[in-house]
Each structure stands twice: as C-alpha cells, then as structure tokens.
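So the sequences go chain by chain: A and B. Under our numbering, the letters of the first sequence match residues 254 to 586, in that order. Under our numbering, the letters of the second sequence match residues 254 to 586, in that order. I have placed the structure first, in the form of structure tokens, so that the comments after it can refer back to it.
2 protein chains.
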Amino acid sequence: MTRKRPTINDVAEASGVSRGTVSRVLNGQTNVSLAAELAVRRAVSETGYVVNRAARSLKTSRTGSVVMVLSEPQERLFEDPNFSVLMRAATNRLAERDMSLVLMIAGDDGDRERVAHYLRGGHADGALLISTHEGDPLLEAVERSHVPAVACGAVLGHESVIPYAAADDRGGARQAAQYLVDQGRRRIGMITGPLDTPGGALRMEGFTSVLGRKVTKRKLVYGDYTQAGGERAMHELLRNFPDLDAVFVASDLMAAGALQALRTAGRRVPGDVAVVGFDDSAIATATNPMLTTIRQPLAEVAEETVRLLIALLDEQQVESAVLPTELIVRDSA
Amino acid sequence: MTRKRPTINDVAEASGVSRGTVSRVLNGQTNVSLAAELAVRRAVSETGYVVNRAARSLKTSRTGSVVMVLSEPQERLFEDPNFSVLMRAATNRLAERDMSLVLMIAGDDGDRERVAHYLRGGHADGALLISTHEGDPLLEAVERSHVPAVACGAVLGHESVIPYAAADDRGGARQAAQYLVDQGRRRIGMITGPLDTPGGALRMEGFTSVLGRKVTKRKLVYGDYTQAGGERAMHELLRNFPDLDAVFVASDLMAAGALQALRTAGRRVPGDVAVVGFDDSAIATATNPMLTTIRQPLAEVAEETVRLLIALLDEQQVESAVLPTELIVRDSA
DNA sequence: TTGAAAGCGCTAACAA
DNA sequence: TTGTTAGCGCTTTCAA
C-alpha cells in the first residue's frame, strides 16, 4: 500500500506543463507565467510532491546540508547547556534556507578521519566548527577539502583564515576583573581554562590587562574546565595566597568546584573571597551562593556563526563578529 | 585549481576494470576476483575517490542518514549535559555504518511541519525521536511518513508502536524511595516532572508503589523540570507538610531549586530534610550539599536506541529495552 | 515563456 | 567473474 512517491513528472502531468516549467516554479525562477505557476502549485499540493534531494543534489552538486563538527569532548560546551542553545540556533537559521544540519563528532583520530572523508567527499556544502583547538589536525583537513567553513568561537592562530563569531572573551574577563576591583577587592587570583582555547587564552588576557603588574604568575592557576579541576586549582591558589580576597574563574563549572574548595578551606563567599564565574550556565544558579558571572550571548553567537556561513556559501564578503558579554550579579561577588 | 572530484569512472579507468566491478568492490560484494579487488582498492586510494552519496541515493533510494528529532525545548534533556552524551553515542554508532545524523528541532508548529515534510520527502532512512510527548502531533506525522522510527525514552501511549530504549524510570524512583525509607525517613514527599513525560509519570509511579497509601495527593507536587519550578514546588510541599523529613525530586535541576527553597525555609539538608534527585547530571555535584541521586545510563540508552533503529532498518525484529539505573549516594540524603 | 533533451554518478539487472 | 547498459529524479541549456 506504500504508493510510490510522486516525482516532478507526476506534477508536470497533473498541471499540464513540462518538467522544466515545474522545476522553474519550484526554484523560484521568475520567467514563468502566472497561470503556469498556479497550476504547478496546485498540482504540488494535490500530489503531495516533495523534491527528491538526492536527484537535485546530483544535478546541482550542492547537498543542501551543512555539517557541524564538534571537537574536543572535554571542552566546556559538552559540559553544559550552552551546547543545545547553539544547535537550536543553527538548525533554525538553516531551516529558513531549507538546509539541514548534519552532526559529526571529532573526538579522536578515527573520528577526524571520518570528518575529513566526509568533507572531501563533498557531502556537505559548508562546515561549522565548534570548539576547534589550535593545532587540531582537523583544521588541515578542512582547508584541504575547500569546503567553506566558519567557527563558533575563534580558532586560535587561524582567526584570519577561518571566519568566526564569538563572545567577547577578553572584554568579559575585563568586566569581571573590573567589577572585583570596584568592589574593593585587592588580592585577586584567577583560574583559567586551557590556554589553547580562546576561552582560556583570551579570558586570561582580559583579566591581566585590568590588573596589570599586580598579577604575578602564581596568581594564575590553570584549570581544565571541569569541576574537579576548578576545585584543585582553588586549593592551589589558596596555598599560594592564603589571603586572597577574590577569584575570577573562567567557567561556571570550574567556579562550582572552586566554591567547594573554598568551603572546605573554611572561607566564606563572598565575605572572605568573592567569586566570579563565566558562562551564566544553568550551574550558576544551582550553587550556593549563586554565582555572579559573565553571560555569553550564546544564541546570538550561534546565529551569527550560521549567518556567516550562509554568507560564505553565497560568496559574499564576511567578517568575523565579536559579541558583547554581560555581567550578571548574584551572590558570590 | 579545484580539480573535479574523481568519479567511479576514474577509478574504473585507473584500475582497468569496469564501473560495475568497481561498484561491487565498493559495496562489499563477494563475487569479485582478488586481483580486481586489489586493483580497485589501489585505484581508489590513488585517485582519492569518495563515493557521491547523492548519486548512490538516487539509485538506491536510501539516503544513508537518520534524522534525530528533538521535541519540547523545555524538556530536561535541553537543560543538562545528558543531551550531548546522547548525541555522541548516536553519531558513533551510525558512523560505524557510514550513516550520518541529521538534527531537527520540533519546538513549534512550524518546526513540526518542517520535520513532517522532511520525513514525507524520504530525506532520511529512519527517525530517532527524543523526548517526544504523549499527544505530540509529530507522532502522527511520523506514522504517516512510514519512516522507521524509534524513541529515546518511552513515548507514553505509543510504547507498543514505537520501539524505544529508556532508563528504568520506575525502578530508579523505587530505589530512591526505598533508600529514603531505609534511612528511617517517614514523612516523604515528591516533586514530580510533567506527567505527560515518562520521567514524570513513571518516576511518580515508582515512588508511590514503594510508599503505598502513605502518599497522599498533597505529598506529590508537580514540577516542570526547571530549577525555579523545583523551588516553587518545594515551598508548596513545605506549606502542605511542615514536618516533611525527605523529598524525592524527579530531576537534579529541580532538586537544586528544592535545595534553595529548603535553605530559605531554614531546613538543614540532610539533617532536617533528605533530598534525592534524579539524573546524576553535572548539577548534582555543583550543589551544596552535593546531591544523592539516581543515575541514568544515558550513553547506554542512546546506544541502545540507535541499535534498535539500525535493526529496524535491517528489517529485524526489535524489542524495546529498559536499562537499570543506579543510586549514587552523596551528601543530600 | 515554454518544451525537449542531455546528463549528473551511481547500482543492479542482464548478458556473456 | 566481469562488462554493458538502463535509468533513478532533477536542473538547465538550447531552441522555439
């Protein structure tokens, strides 16, 4: 009882015009008489016709899809809800163009080989890179494939070759640092992210640019975007500087760990030590005290990233975009 | 300098056999001489040939892709990291079959129409439904499309028509309730999820099945899987039963809210009130005290879901799977 | 403005 | 075991 799917021929027959004309209507060409257009549209809805993408793709050598490549499973995006915001924005934007989003994970070498193969095979019209690191072998594969690519978040060292949209990591970190200073805090430390990520490098830059020479190296402790890492880093910071009165942590998840370390160490927050996080993720309101943090406009970043990619596909000029962050004051600082 | 992608013809030429033979090798058919196979493989890697999926798809009328449909943005999966676990498992499994995962969101009517259109157009070989609700109009579209579908998490009311893999919500809730009873708690309430979700309905069932008639209706308060909702629900529960000594909350995020309400109300946790959550998400360790909770084997559920779908595509018999949960004891109970 | 027709790259049926 | 060939459904050029 599974009737065959109607093809463009069925529509042509039902509307009394040729396949060519049907195709023109379907693709929004203008050189079609109103009568023909109407007839075709009616036939389309009568027959329930839906274009066969494979056939179209074979002919046009465009696939109508974009691949989203997720690098680095340990990266922050995988640990919090930001990620789904991002995907939602991407699918929405693409859907407007009747394009679809294919998802690939590039966690290990095998994964990356698959992605490279996929791109080389021309299975996608464009690539959306998520949390791709400096030196990631994936980048080479992307470039060799000649598939237009944009990144969500800067790709360190490739900023000029891969357009990107990102939150203003540096500016956000500056906001955080300045806020702590304005609150009268004087002995401020920082728990950074991995320095080969933009969130790691740029947030550290922003922080040090505000505090200047007061930031000794030992006031910067490296975290890995995990909660346990944040906890360890906080303990280290307290060992280095027992009289610390504030800390800026490069992610909310790490900040949750830091909060635990501070509690263990008997410090009150924000009384003894003020804590500012980064992200404004769901975790920020689950901690006690709730985190004062820097909100990234993640949905906007994602939308902008997709906009860039679409512009690139349309062969327009594109320019990377950096979107402003916002200080969200809660209870921890 | 963008040389045209090599086709099967180029490979045939380079290896000195016919297109047909190349195709047979590529598709793993057995009736090919070893010599021919070797020649073809060499030619493939020499030319850098990658199959054109559109052409293959046009011929075979299979697309080599599966669509993952995400319903209900407010659903728990969107609020925590579970979701990425799920996607990772799905892409991995599919990659083994050289299939790809397309993502669609079905949040509003427009979205659903797009999904329906996509399915009707035969753009995917199968569908993976995530957090689809009872009565979701999407279900009808899926059925009408005749595209094989499986669900991650039971689809209430459609359990017999849409195969699924899920965590044992009922059993997990039982574990939680039994644990609280074993700890000597006697006045136990529950904050449920929305009752049209399996996590809402089944966790409530499991809970009440342990506590029996001691559960009056007013000891069950409905939450909406948000933190704010959990907080509100906890306040209500405390109003109804000021001497409550334990609460089971259907998600960690809501439990975080409940913890806040308890703090506001001056109750100590677990001293005055024990709290058990559900999920074992990242939030569970960010709260203070850290949550005792029920862990869902999310990765396994996802893998199993994909396994079901693949079996379905291979026209095998499939049976829904329910995977065991685990009690994770931390500090809140 | 429209129709006719070629051909995108592949698989599979058939013939050898 | 292999080669030949038809044709999947579409877009687009060319001619009318």
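Here a beta-carbon is modelled for each residue, glycine too, at the ideal position from N, C-alpha and C.
{"query": "Any beta-carbon of chain B closer than 8 angstroms to the one on Ala356(A)?", "result": "What sits at residue 356(A) in the sequence shown is Leu, not Ala. Output row for Leu356(A): interface = yes."}
{"query": "Can you check DSSP and say which residues form a bridge with Val297(B)?", "result": "DSSP output for Val297(B) lists no bridge partner at all."}
{"query": "Where does Glu553(A) sit, in a helix, a strand or coil, going by DSSP?", "result": "helix"}
{"query": "Are the CB atoms of Ala499(B) and Ala586(B) nearer to each other than 8 angstroms?", "result": "yes"}
{"query": "Quick test of your reading: Ile415(A) and Ala402(A), contact by CB under 8 angstroms. State the CB separation rounded to the nearest angstrom.", "result": "6 angstroms"}
{"query": "With a cut-off of 8 angstroms, does the C-beta of Asn541(B) fall near any C-beta of chain A?", "result": "yes"}
{"query": "Taking contact to mean 3 or more Cβ pairs, one atom from each stretch, closer than 8 angstroms, check whether the region 388 to 398 of chain B and the region 388 to 404 of chain A are in contact.", "result": "no"}
{"query": "Going by beta-carbon coordinates alone, are Val559(B) and Arg306(B) separated by less than 8 angstroms?", "result": "no"}
{"query": "Let me know if Glu557(B) comes out buried or exposed under the rule of 16 or more other beta-carbons within 10 Å of its beta-carbon.", "result": "buried"}
{"query": "Go through its chain and collect everything with a Cβ distance to Val400(A)'s Cβ below 7 angstroms, but skip five positions before and after it.", "result": "Leu372, Ala377, Gly379 and Ala380"}
{"query": "Answer yes if the region 422 to 437 of chain B comes into contact with the region 458 to 477 of chain B, meaning at least three C-beta pairs across the two stretches below 8 angstroms, and no otherwise.", "result": "yes"}
{"query": "Shorter than 8 angstroms from the beta carbon of Arg306(A) to some beta carbon of chain B?", "result": "yes"}
{"query": "To the nearest angstrom, how far is it from the Cα of Ala514(A) to the Cα of Met487(A)?", "result": "6 angstroms"}
{"query": "By the DSSP assignment, the alpha helix (DSSP H) with Val434(A) in it spans what residues?", "result": "Asp422 to Asp435"}
{"query": "Using 10 angstroms around the beta-carbon of Ala582(B), count the other beta-carbons present and answer buried if the total reaches 16, otherwise exposed.", "result": "A small fix is needed here, since residue 582(B) is Val in this sequence, not Ala. By the neighbour-count rule (16 or more Cβ atoms within 10 Å), Val582(B) is not buried but exposed."}
{"query": "Which class does Val571(A) belong to by DSSP, given the choice of helix, strand or coil?", "result": "coil"}
{"query": "My output table needs one value for Met507(A): the three-state DSSP class, helix, strand or coil.", "result": "helix"}
{"query": "Using a Cβ-Cβ cutoff of 8 angstroms, what residues of the region 549 to 563 of chain B are near chain A? List them in chain order.", "result": "none"}
{"query": "Between Val285(B) and Arg277(B), what straight-line distance do the alpha-carbon atoms span, to the nearest angstrom?", "result": "7 angstroms"}
{"query": "With a threshold of 8 angstroms between beta carbons, is Met352(B) in contact with chain A?", "result": "no"}
{"query": "Within its chain, find whatever has a CB closer than 6 angstroms to the CB of Arg520(B); leave out the 5 residues flanking it on each side and keep chain order.", "result": "Val526"}
{"query": "Which residues in the same chain have their Cβ closer than 8 angstroms to the Cβ of Val270(A), if we skip the five residues on either side of it in sequence?", "result": "Ala289, Ala292 and Val293"}
{"query": "May I ask which residues mark the beginning and end of the alpha helix (DSSP H) holding Arg439(B)?", "result": "That residue, Arg439(B), is in no alpha helix (DSSP H); it is neither H nor E in DSSP."}
{"query": "Looking only at C-alpha atoms, which of Thr479(B), Tyr417(B) and Leu433(B) sits nearest to Gly446(B)?", "result": "Thr479(B)"}
{"query": "To the nearest angstrom, how far is it from the Cα of Asp532(A) to the Cα of Gln549(A)?", "result": "6 angstroms"}
{"query": "Quick one: is Thr450(A) near chain B, going by C-beta distance under 8 angstroms?", "result": "no"}
{"query": "Can you check which of these residues, Thr316(B), Val275(B), Val368(B) and Thr540(B), is closest to Leu506(A) by C-alpha distance?", "result": "Thr540(B)"}
{"query": "Quick check on Thr344(A) - is its C-beta less than 8 angstroms from some C-beta in chain B?", "result": "yes"}
{"query": "In the DSSP assignment, find the unbroken alpha helix (DSSP H) run with Leu544(B) in it and report its ends.", "result": "From DSSP, Leu544(B) is part of no alpha helix (DSSP H); its letter is neither H nor E."}
{"query": "Report yes or no: is there a C-beta of chain B within less than 8 angstroms of the C-beta of Ser213(A)?", "result": "It is not possible to answer for residue 213(A), since the shown part of chain A is limited to 254 through 586."}
{"query": "Candidates Ala343(A), Met357(A), Ala342(A) and Arg350(A): which alpha carbon is nearest Leu339(B)'s?", "result": "Met357(A)"}
{"query": "Measure the alpha-carbon distance for Ala265(A) versus Gly301(A) and round it to whole angstroms.", "result": "13 angstroms"}
{"query": "Relative to the C-alpha of Arg423(A), which residue among Gly317(A), Ser413(A) and Gly453(A) is closest?", "result": "Gly453(A)"}
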